[in-house]
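Trainee: Start counting at 1 in the sequence shown, then tack on 24, and there's your number in the working numbering. Glycine residues also receive a C-beta, built at the ideal position from the N, C-alpha and C atoms. The structure displayed is predicted, hence computed values, not measured ones.
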Amino acid sequence: MTIFLIWLIAFGLIAYFVDQRWSRGVSQGLDRFLPNMLKSNGENRYLWVATLAVLGATTLVFPVEMLLVVILLVLIGLLVVKLANWASSLSH
25 MTIFLIWLIA FGLIAYFVDQ RWSRGVSQGL DRFLPNMLKS NGENRYLWVA TLAVLGATTL
85 VFPVEMLLVV ILLVLIGLLV VKLANWASSL SH
């Protein structure tokens, strides 16, 4: 229960501060890394605030698990890229 309360407090604080700083830099910083389809225009603001708050709170409460998930996603991404390159070289 304590971890859940810490997560809720972290979620609330991160969501509050991201929402406060949205127009002063968070939106522009997020848009630099996202493809056009996922850009953070006006209707997606609260979705991105909630997403960043969930990721931030989970990283604060469970940092090792988040690091392992990121490492696993990077390895899967590299494997997919290698397989796609290999498949495209076979088609030539």
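Which stretch, first to last residue, makes up the alpha helix (DSSP H) that contains Phe41?
Mentor: By 1-based counting over the sequence shown, the position of residue 41 is 17. Where Phe41 is concerned, the enclosing alpha helix (DSSP H) stretches over Thr26 to Gln44.
Trainee: Return the CA-CA distance between Val85 and Leu91, expressed in angstroms with no decimal places.
Mentor: Sequence index remark: in the sequence shown, residue 85 carries index 61 (1-based). Sequence index remark: in the sequence shown, residue 91 carries index 67 (1-based). Cα-Cα distance, rounded: 12 Å.
Trainee: Kindly give me the distance between the Cβ atoms of Asp39 and Val73, rounded to whole angstroms, as I take these residues to be in contact under 8 Å.
Mentor: Indexing the sequence shown from 1 puts residue 39 at position 15. Indexing the sequence shown from 1 puts residue 73 at position 49. For the sequence presented, residue 39 should be read as Ala rather than Asp. Ala39 to Val73, Cβ: 6 Å. Contact.
Trainee: Whole angstroms is fine: what's the gap from Tyr70's alpha carbon to Trp46's?
Mentor: Within the sequence shown, the letter at position 46 stands for residue 70. Within the sequence shown, the letter at position 22 stands for residue 46. Straight-line Cα distance between these residues: approximately 10 Å.
Trainee: Roughly how many whole angstroms lie between the Cα atoms of Ala111 and Gly36?
Mentor: What you label residue 111 is simply residue 87 of the sequence shown in a count that begins at 1. What you label residue 36 is simply residue 12 of the sequence shown in a count that begins at 1. Distance between the alpha carbons of Ala111 and Gly36: 46 Å.
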